[in-house]
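Participant: Okay, here's the structure, questions in a sec.
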Amino acid sequence: MCRSDLLLLDEPTNHLDLDATLWLEQWLKSYPGTLLLISHDRDFLDNVVSHIVHMSAKKLTLYKGNYTAFERALAERLSQQQAAFEKQQERIEQIESFVRRFRAKASKAKQAQSRLKELERMEQIAPAHIDSPFSFSFQCSDKISSPLLTLYEANLGYAASTVLQKVSLSLTPGERIGLLGPNGAGKSTFIKTLVGDLSLMSGEKSTGEHLKIGYFAQHQLEALDLDASPFLHLQRLSPQATDQEIRNFLGSFGFVGDDALTEIKRFSGGEKARVALSLIAWQKPNLLLMDEPTNHLDLEVCYALTLALQSFEGSLILVSHDRHLLRNTVDRFLLVADGQVSEFKGDLDDYQTWLTQRRRQDKSEESKPDETDASSNRSLTAAERKELKRQQAEQRAALRPLKQLIEHDERKIATLELKLKELEEKLSDTDLYSASRKAELTQHLESQRQLQKELSETEENWMERLEEYEEKEAALSQMG
């Protein structure tokens, strides 16, 4: 983070876990320059900004205070605007009624013309749009068994790399759990094991007879059929459903009219996330496993998601950097750290304290001479040390292809960002917007859309691979 007078941040918490979000929040609070920030994370906004600029109906309005203060002020303003709108509509109806009745009468013609001029001078007040276009919910399946899922003394990980050890869990209907823990500690490994994407390395896992899982993770956005529409996705799941049933359902997720029939490849990351959420909701799961569901979502959808999860009657396990979502949807926390999954007895403020203490402890240990490693190596025979080194070298070699993919993604991201920057410079040319260069402008805008789409997909791949690499690397370091 270089020195600057002005900092422009567009959704900086996308792809950050909770730990990194908390760190960035503290850093920005002490930033001495001017900050312009776009974010879907209301807690982050509340703790960082002093003013809110609201964009609506092609107008910008400045509000003093954080996001919570803005919400209160906006609600009050919209209420006043709606009252003024309704009063104006009554006046307009009175004028139009008068004109209709007396325009033809000579004695009243002058008054009618006067009323018409009043109507022309009147500055039209727009109706207040208080209601959100999103009103979806997660209905739970009728059949449910208890426990839904259990793990007993389970070791979780990849191939020969154990990430989490001796994990035991009995998940009963209605439980709502948030997962906390440092990046790379194994939260995603835990979720992937519960959903069945990863097999146990050892231990036992059992599932209830009527278990039905709804799983959301960022990589699922890439699994969508890009040439199909939201409507076709749901139709494939339920061929017997009527067109109107599907359209009504998609409407609750904001896909109305032609949007429901638009190919997924034309959608933004947020729109794809809404499609993925709609597919989950359509299938009526009794267990929701959600790994960072608010990435790419705007505040309106985040709010709707919070309400939907609050009213969900099944069980929920949630990984999120969004503290507002965690605070309002889960009842307890599990801490994933140091190869273990344990109950965290505290709230998110306590977790922030735990993180601060852990960082201090880590720095203190880094400054000490590594006596533990030396003594543990002395306790091994020469043959055992040789075998341990051989195993570590073998597993590091197995990680090399994954690291190469990560480096390839990073180079591709840098290239795409450079191309976008060059394209944006071209688009800043005012002459480009003349009628004679309309075809050239259209071509540049299409190229921009394609580059942004490719960049978003590459960043998703990079994050998935980096997380997998960090978890495997952490497991490997525990061997030594």
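In short: position in the sequence shown from 1, add 2, done, that's our numbering.
Glycine included, C-beta positions come from ideal geometry on N, C-alpha and C.
#1: In terms of residue numbering, what span does the beta strand (DSSP E) encompassing I54 cover?
#2: What runs of the alpha helix (DSSP H), each 4 residues or longer, lie entirely inside the segment 238–270?
#3: Near V303, what residues of its chain come up, given a Cβ to Cβ distance below 6 Å and the 5 sequence neighbours on each side ignored?
#4: What first and last residue would you give for the beta strand (DSSP E) that runs through N330?
#5: Go ahead and pull the three-state DSSP assignment for G216.
#6: Thinking C-alpha only, which one of G341, V258 and E456 is nearest G188?
#7: Taking the C-alpha atoms as reference points, what is the distance between F255 and K274?
#8: Give the range of the alpha helix (DSSP H) segment to which L171 is assigned.
#9: Could you give the distance in angstroms between the alpha-carbon of F72 and the alpha-carbon of E473?
#10: In terms of residue numbering, what span does the beta strand (DSSP E) encompassing N157 cover?
#11: Need the endpoints of the alpha helix (DSSP H) that D48 sits in, please.
#12: Look up R178 in the DSSP assignment and give the residues it is bridged to.
#13: Span of the alpha helix (DSSP H) holding A310?
#14: On the CB-based measure, 16 or more other CB atoms within 10 Å of its CB, does V338 come out buried or exposed?
#15: Count Cβ pairs between the segment 406–420 and the segment 443–458 that sit closer than 8 Å; are there 3 or more?
#16: Rank S317, P295 and G316 by C-alpha distance to the C-alpha of T308 and give the top, closest one.
#17: Label S377 either buried or exposed according to how many other C-beta atoms from any shown protein chain fall within 10 Å of its C-beta, with 16 as the threshold for buried.
#18: Just verifying my parser: in three-state terms, what is the DSSP assignment at Y471?
#19: Does the distance from the CB of K214 to the CB of L151 come in under 9 Å?
#20: When DSSP labels each residue in this structure, what does L418 get in the three-state scheme?
#21: Buried or exposed for Q242, going by 16 or more other Cβ atoms inside 10 Å?
#22: According to DSSP, is I146 part of a helix, a strand, or is it coil?
#23: Could you spell out where the beta strand (DSSP E) holding A437 opens and where it closes?
#24: From the DSSP output, in three-state form, read off R79 for me.
#25: Per DSSP, what are the beta-bridge partners of F335 in this structure?
#26: Within 8 Å, do at least three Cβ pairs link the segment 427–443 to the segment 395–408?
#27: Among T36, D12 and D45, which has the Cα closest to the Cα of E27?
#28: Would you call V343 buried or exposed, if buried means 16 or more other Cβ atoms sit within 10 Å of its Cβ?
#29: Using only the alpha-carbon positions, how far apart do L1 and A59 sit?
#30: Kindly indicate which three-state DSSP category L38 falls into: helix, strand or coil?
#31: If I measure Cβ to Cβ from I40 and keep anything under 8 Å in the same chain, skipping five residues before and after, which residues do I get?
#32: Measuring only the C-alpha atoms, how far is G210 from D351?
#33: What are the boundary residues of the alpha helix (DSSP H) that includes L30?
#34: Can you tell me the Cβ-Cβ gap for L281 and H235, rounded? I've got them flagged as a contact below 8 Å.
#35: Rounded to whole angstroms, how far is the Cβ of R178 from the Cβ of V332, which I believe are closer than 8 Å?
#36: Taking the alpha carbon of A306 as the reference point, which residue from P184, E412, R276 and R79 has its own alpha carbon closest?
Facilitator: Looking at the atomic coordinates:
#1: Walking along the sequence shown from the start, residue 54 turns up at place 52. That run of the beta strand (DSSP E) goes H53 to S58.
#2: Taken in chain order, the unbroken stretches of alpha helix (DSSP H) that lie wholly in the segment 238–270 and span 4 residues or more are 245–253.
#3: The residue you call residue 303 lines up with position 301 of the sequence shown. The residues are F136.
#4: By 1-based counting over the sequence shown, the position of residue 330 is 328. Looking at the DSSP string, N330 is not in any beta strand (DSSP E); the run it does join, the alpha helix (DSSP H), is R325 to T331.
#5: In the sequence shown, residue 216 corresponds to position 214, counting from 1. Reduced to three states, the DSSP call for G216 is strand.
#6: The count along the sequence shown starts at 1 and reaches residue 188 at position 186. Of the listed residues, the one whose Cα sits closest to G188 is G341.
#7: In the sequence shown, counting from the first residue as 1, residue 255 sits at position 253. In the sequence shown, counting from the first residue as 1, residue 274 sits at position 272. Whole-angstrom Cα-Cα distance: 11 Å.
#8: If you number the sequence shown from 1, residue 171 lands on position 169. Note, L171: premise wrong, no alpha helix (DSSP H); beta strand (DSSP E) at S163 to L173.
#9: As a first step, residue 72 is located in the sequence shown; it is residue number 70 there, counting from the start. As a first step, residue 473 is located in the sequence shown; it is residue number 471 there, counting from the start. Taking the straight line joining both Cα atoms gives about 40 Å.
#10: Taking the first residue of the sequence shown as position 1, residue 157 is located at position 155. Its beta strand (DSSP E) spans residues L151 to Y160.
#11: Residue numbering aside, residue 48 sits at position 46 when the sequence shown is read from its first letter. D48 -> alpha helix (DSSP H) spans R44 to V50.
#12: For this step, residue 178 is matched to residue 176 along the sequence shown. Paired residues: L318.
#13: Mapped onto the sequence shown, residue 310 falls at position 308. Here the alpha helix (DSSP H) through A310 covers L301 to S313.
#14: As a working mapping, residue 338 is identified with position 336 in the sequence shown. V338 is buried by the Cβ-count criterion.
#15: Judged by Cβ distances under 8 Å, the segment 406–420 makes contact with the segment 443–458, as three or more pairs qualify.
#16: As a first step, residue 308 is located in the sequence shown; it is residue number 306 there, counting from the start. If we check each option's Cα against that of T308, P295 comes out closest.
#17: As a first step, residue 377 is located in the sequence shown; it is residue number 375 there, counting from the start. A caution first: S377 carries a pLDDT of 48, below 50, which makes its placement in the model unreliable, though a value can still be read off. Looking at its Cβ environment, which holds fewer than 16 other Cβ atoms inside 10 Å, S377 is exposed.
#18: Taking the sequence shown and counting its residues from 1, the one referred to as residue 471 is at position 469. If DSSP states are grouped into helix, strand and coil, Y471 belongs with the helices.
#19: Counted from its first residue, the sequence shown places residue 214 at position 212. Counted from its first residue, the sequence shown places residue 151 at position 149. No, Cβ-Cβ distance for K214 and L151 is not below 9 Å.
#20: Within the sequence shown, the letter at position 416 stands for residue 418. Helix.
#21: Residue numbering aside, residue 242 sits at position 240 when the sequence shown is read from its first letter. Counting Cβ neighbours within 10 Å, Q242 comes out exposed, since fewer than 16 surround it.
#22: Here residue 146 refers to the residue found at position 144 when the sequence shown is read from its first residue. Three-state result, I146: coil.
#23: Mapped onto the sequence shown, residue 437 falls at position 435. No beta strand (DSSP E) holds A437; DSSP gives it neither H nor E.
#24: For the purposes of this step, residue 79 is identified with residue 77 of the sequence shown, where counting begins at 1. Reduced to three states, the DSSP call for R79 is helix.
#25: Within the sequence shown, the letter at position 333 stands for residue 335. According to DSSP, which records beta bridges pairwise, F335 is partnered with G180 and F346.
#26: no
#27: Within the sequence shown, numbered from 1, the residue matching residue 27 stands at position 25. The candidate whose alpha carbon is nearest that of E27 is D45.
#28: Counting from one through the sequence shown, the residue named residue 343 turns up at place 341. By the neighbour-count rule (16 or more Cβ atoms within 10 Å), V343 is buried.
#29: Residue numbering for the chain in the displayed model covers 3 to 482; residue 1 lies beyond these limits and cannot be assessed.
#30: Position 36 of the sequence shown, counting from 1, holds the residue named residue 38. Three-state DSSP puts L38 in a strand.
#31: Locating residue 40 in the sequence shown gives position 38, counting from the first residue. Here the set comprises L11, D12 and E13.
#32: As a working mapping, residue 210 is identified with position 208 in the sequence shown. As a working mapping, residue 351 is identified with position 349 in the sequence shown. A direct Cα-to-Cα measurement between G210 and D351 gives close to 35 Å.
#33: Translated into positions along the sequence shown, residue 30 becomes position 28. Element bounds for L30: L20 to K31.
#34: For the purposes of this step, residue 281 is taken as residue 279 along the sequence shown, with counting starting at 1. For the purposes of this step, residue 235 is taken as residue 233 along the sequence shown, with counting starting at 1. The beta-carbon distance between L281 and H235, rounded to whole angstroms, is 6 Å. This is short enough to meet the 8 Å contact definition.
#35: Reading the sequence shown from its first residue, position 176 is the one you call residue 178. Reading the sequence shown from its first residue, position 330 is the one you call residue 332. The pair is a contact, with the Cβ atoms about 5 Å apart (cut-off 8 Å).
#36: As a working note, residue 306 is residue 304 in the sequence shown. Nearest in C-alpha terms to A306, of all of P184, E412, R276 and R79, is R276.
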